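Before any comments, here is the structure.
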Amino acid sequence: MTSRALSLILLALGLLSVGCSTERDEARPSSSAAPFASAAPATLAPGAAERAPGDVERGRALALRFECNRCHEGTGLAAPETAKACVGCHQEIIAGTFKAPKSALARWRPNLLGVEFAPSLAATGKRLRRDWIEAYLLAPRDLRPGLVSTMPRLALSRAEARDLAAYLVRDAGRAEPASLEGADLGRGRELLETKACGACHTFSGVEALPIAPSPEAGRGSAGIALAPDLRFARERFEPARLVAWLLDPPAVKPGTPMPKLGFTKDEARDLAAYILETPLAPLAQTQLPARLPLLDRPVRFAEVQERVLGKICQHCHGNPDVALGDGGPGNTGGFGFRPRRLELTSHRAVSAGLLDDHGERRSVFEKTADGTPLLVAALLARRAEEAGKFDPAVRGMPLGLPPLPAEDIQLVESWVAQGRPR
Amino acid sequence: MNKRSSVRMLVAALGMATAIGASTRPAAACGDVWVPYMDNGIDYRPQGVSRAEQGFDDGKIYASAASVLRMMPHVRALKPASATIVARAQRMLALAVARSNGALPVEGQVPWWVQGRWLGGTEADRAANLEWAVTTLRGIADTKAKDPASMTDLGEALARVDAHKAEARSVLEALAKKDLLATPEAYAALAELRGESGDASGKKLALARCQSMSNGAAVCRDATAHTG
Chain A
370 MTSRALSLIL LALGLLSVGC STERDEARPS SSAAPFASAA PATLAPGAAE
420 RAPGDVERGR ALALRFECNR CHEGTGLAAP ETAKACVGCH QEIIAGTFKA
470 PKSALARWRP NLLGVEFAPS LAATGKRLRR DWIEAYLLAP RDLRPGLVST
520 MPRLALSRAE ARDLAAYLVR DAGRAEPASL EGADLGRGRE LLETKACGAC
570 HTFSGVEALP IAPSPEAGRG SAGIALAPDL RFARERFEPA RLVAWLLDPP
620 AVKPGTPMPK LGFTKDEARD LAAYILETPL APLAQTQLPA RLPLLDRPVR
670 FAEVQERVLG KICQHCHGNP DVALGDGGPG NTGGFGFRPR RLELTSHRAV
720 SAGLLDDHGE RRSVFEKTAD GTPLLVAALL ARRAEEAGKF DPAVRGMPLG
770 LPPLPAEDIQ LVESWVAQGR PR
Chain B
32 MNKRSSVRML VAALGMATAI GASTRPAAAC GDVWVPYMDN GIDYRPQGVS
82 RAEQGFDDGK IYASAASVLR MMPHVRALKP ASATIVARAQ RMLALAVARS
132 NGALPVEGQV PWWVQGRWLG GTEADRAANL EWAVTTLRGI ADTKAKDPAS
182 MTDLGEALAR VDAHKAEARS VLEALAKKDL LATPEAYAAL AELRGESGDA
232 SGKKLALARC QSMSNGAAVC RDATAHTG
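Protein sequence lines correspond, in order, to chains A and B. Under our numbering, the letters of the first sequence match residues 370 to 791, in that order. Under our numbering, the letters of the second sequence match residues 32 to 259, in that order.
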């Protein structure tokens, strides 16, 4: 029972953590107005990362602190104990091999579909650019259309992101030089189609590929779930790294779901050139869905718990008394988050608030500057994050998962407005 | 009464006692120490406590208290810090005791040998029960770093004892000021305390919060009745 509950607390994916930076000017801002978020995201000035490569040892300490290994393989850290292995636990529940009553597995399983994979961090340095990783850690966005979960927005400063990125690319080595000069983009496009890359990958911003992954296909298939949208490849890859990757993915990263497709060097160059250089249509601007008006029917806690808190939130804001003392990252701490002591498992617990950055208890119904209750503000902030807008004061919830539907936020907001009846 | 009938009566009495004992699974407790108790490799009490908590949250507070007494007949002697399951069980029982003013209405729900003074048959029993509730909830609050949920419970229980009313007011007002009172029952207790001190507008506000939090349940009407 306890290990089950403990395992379920671990929904937030990805991670990387807080640390021991001495760069006070870049340390995370303090927080008087930041009950949920305690680090402002930032984007890198061009060239900044090249000037400051980060510290690998500090980065390793951060990887430990942020518990990257709970979601990712290939971190260079020891595997976590079973009860803390988020993705492994999800996979066992979905496969029905987790030690729990069948009725419980049936109840949990629908909530876990789509969060059963996380990319391995093995050989990151042989593939991805350090400066991109640093920026991504600070402002993660959805790269993988087939994966429900995304890298969560962690509480780390720019200096910490730099050190962590340095640790993750520690195995980069030197790539064999490869120039894309003279490469044939048309041939690259042809290869993309004939090799059926679209069976797993989306490539937004270019003419649609003849084959496209079905929206449901990512469920159960690591290859489809983990395949990134190729439009982001130009931010993530140096040309030489991409060519090497296309030639023999398993040689670069053993165990990758990306297959070796038998490209010649010229073909790999052509394909890399198309992926990295073909003009892209701008990303469709994500429109924030309208905030729905308050419901005029009574809303009781049981409904809020059934539709929202019990389905999602309490995985990370659990009851430590029934989980061997681990209330999840949003309660007793984890993934680099300090203990906020916010439990969302019962009406009484929700009403008891959370610890702010000063260790003082605050109500989750406290109004933010625009009059929105904190609990609702966190749900709205997640929608803004999806649109690329990161609020330094409020971390969007649910962490690392898609925003709640507008109807669910409406439900929570209506319940609060009605005096949060039991 | 001849010797043979005396023996028959003795055997019958022993049989009845055995039957009553067997009908309620004795919890494993030794003095104030919680002892895990396995039946075919499973300790059913965590599941029982969870169910009791669910019932408690649904308003069946006395049924939940009775369930706790059946599972843990020696619960009064246990220390809340000994195990989280003990603290969870004691919390339900202590709040039920407080809400019943020290006289738990569980006569038909627990065996006679477990009832002890929980039924609060005398004023002394009721006072002792309420004092136990306060002491227990104070101990739980200490193990929880005085978090608002446990302090809310403590404040509500304190409000039931004349000698603790000043402390109750202090605890409940501090939480209410930060919108951290976690139950409508605690708002009802605060309303009562404010009413007793002549703070009519404060009482009205607390009752309004009680009513919105409880959706107009009886808990707030009780407070109105107590304070006129």
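The beta carbon of each residue, even a glycine, is placed where N, CA and C say it ideally should be. Note that the coordinates shown come from a computational prediction; the quantities given were computed from them, not determined experimentally.
Within 8 Å, strictly: CB atoms of ALA220(B) and ALA190(B): Contact flag set, yes.
Expected contact under 8 Å - CB spacing of ASP540(A) and ALA492(A) to nearest Å: Indeed they touch by this definition, with Cβ atoms about 6 Å apart.
Which residues DSSP lists as bridging PHE706(A), in chain order: BP columns for PHE706(A) point to GLY703(A).
Of the residues THR166(B), ALA127(B), ALA205(B), the one placed nearest LEU150(B), counting alpha carbons only: Measuring from the Cα of LEU150(B), the nearest candidate turns out to be ALA127(B).
Within 9 Å of chain A by C-beta, residues of the segment 109-120 of chain B in sequence order: Cβ contacts with chain A come from THR115, ILE116, ALA118, ARG119.
Short CB-CB distance (under 8 Å) between SER732(A) and chain B: The Cβ of SER732(A) sits closer than 8 Å to at least one Cβ of chain B.
From PRO771(A), ARG791(A), ALA775(A), residue whose alpha carbon lies closest to that of LEU481(A): With distances taken between CA atoms, LEU481(A) lies nearest to PRO771(A) out of PRO771(A), ARG791(A), ALA775(A).
Coarse secondary structure for LEU723(A), derived from DSSP in three states: When secondary structure is reduced to three states using DSSP, LEU723(A) falls in the strand class.
Pairwise C-alpha distance: LEU616(A) and ARG556(A): So the two alpha carbons sit approximately 16 Å from each other.
Among GLU227(B), PRO215(B), SER228(B), CYS251(B), nearest to MET244(B) - alpha-carbon criterion: Selected option, being the one with the closest Cα: PRO215(B).
Interface partners of ALA718(A) on chain D, CB under 8 Å: Absent here is chain D; the protein component of the structure consists of chains A and B.
Simplified DSSP assignment, three categories, for PRO618(A): It is helical.
Pairwise C-alpha distance: ARG513(A) and ILE171(B): Taking the Cα positions, ILE171(B) is about 46 Å away from ARG513(A).
Opposing strand residues paired with PRO742(A) [DSSP bridges]: In the DSSP output, where bridge partners are listed per residue, PRO742(A) has LYS736(A).
C-alpha distance - ALA129(B) paired with GLU138(B), whole-angstrom precision: Answer to the nearest angstrom: the Cα atoms are 17 Å apart.
Amino acids of chain A, ordered along the chain, whose beta-carbon sits closer than 9 Å to that of LYS209(B): Those within 9 Å of LYS209(B) in chain A are GLY722, GLU729, ARG730, ARG731, SER732, GLU735.
Residue-level contact to chain B via CB, GLN683(A), 8 Å cutoff: The beta carbon of GLN683(A) sits no closer than 8 Å to any beta carbon of chain B.
Sequence ranges, alpha helix (DSSP H) only - wholly within the segment 505-553 of chain A, length at least 4: If we require 4 residues or more, the alpha helix (DSSP H) runs fully inside the segment 505-553 of chain A come out as 527-537.
Residue-chain proximity (MET103(B), chain A), Cβ-Cβ < 8 Å: No, MET103(B) lies away from the interface with chain A (no Cβ there is under 8 Å from its Cβ).
The segment 467-478 of chain A: positions lying closer than 7 Å to chain B by Cβ: Residues of the segment 467-478 of chain A with a Cβ closer than 7 Å to any Cβ of chain B: none.
Cβ-heavy atom distance, HIS570(A) to the ligand MG, below 7 Å: This structure lacks the ligand MG, and indeed carries no ligand of any kind.
Cβ shell of LEU135(B) (< 7 Å), same chain only, five flanking positions each side left out: Taken in chain order, the residues that qualify are TYR93, ALA96, ALA127, VAL128, TRP149, LEU150, GLY151.
DSSP state of ARG666(A) mapped onto helix, strand, coil: Reduced to three states, the DSSP call for ARG666(A) is coil.
Start and end residues, alpha helix (DSSP H) containing ALA112(B): Run containing ALA112(B): none; DSSP gives neither H nor E here.
Nearest-angstrom beta carbon gap, GLU646(A) and LEU748(A) [assumed within contact, 8 Å]: About 40 Å separates the two Cβ atoms, so there is no contact after all.
Members of the segment 702-715 of chain A near chain B, C-beta cut-off 9 Å: Listed by position along the chain: ARG710, GLU712, SER715.
Same chain, Cβ closer than 6 Å to GLN779(A), five either side skipped, listed in chain order: Setting aside the 5 residues that flank it on each side, GLN779(A) is surrounded in the same chain by LEU661, each with a C-beta closer than 6 Å to its C-beta; the list follows chain order.
Contact list for SER95(B) against chain A, beta-carbon separation under 7 Å: Under the 7 Å cutoff, chain A gives no residues; its nearest Cβ is about 14 Å from SER95(B).
Alpha carbon of GLN111(B) to alpha carbon of ARG522(A), nearest angstrom: Sequence check: residue 111(B) is Pro here, not Gln. If you take the alpha carbons of PRO111(B) and ARG522(A), they lie about 38 Å apart.
Cβ-Cβ separation, LEU743(A) to GLU735(A) (assumed contact under 8 Å), whole Å: That pair is a contact at about 5 Å.
Buried/exposed call for LYS453(A), threshold 16 Cβ in 10 Å: The residue in question, LYS453(A), is buried, as its Cβ has 16 or more Cβ neighbours within 10 Å.
Contacts around LYS175(B), its chain only, beta-carbon distance under 7 Å, and the 5 residues preceding and following it disregarded: Cβ neighbours of LYS175(B) beyond the five flanking positions: SER181.
Given ALA120(B) as reference, the closest of ARG157(B), SER98(B), LEU185(B) once Cα atoms are compared: Considering only alpha carbons, the answer is SER98(B).
Beta-carbon contacts of PRO790(A) that lie in its chain and below 8 Å, excluding the five residues immediately before and after: Close CB contacts of PRO790(A) within its chain, under the 8 Å cut and outside five residues either way in sequence, are with PRO667, VAL668, ARG669, PHE670, TRP784 (chain order).
Residues in the segment 237-253 of chain B having any Cβ partner in chain A nearer than 9 Å: Those residues of the segment 237-253 of chain B that come within reach of chain A (Cβ to Cβ, closer than 9 Å) are ALA239, ARG240, GLN242, SER243, MET244, SER245, ASN246, GLY247, ALA248.
Backbone CA spacing between THR701(A) and ASP639(A) [nearest angstrom]: Distance between the alpha carbons of THR701(A) and ASP639(A) is about 51 Å.
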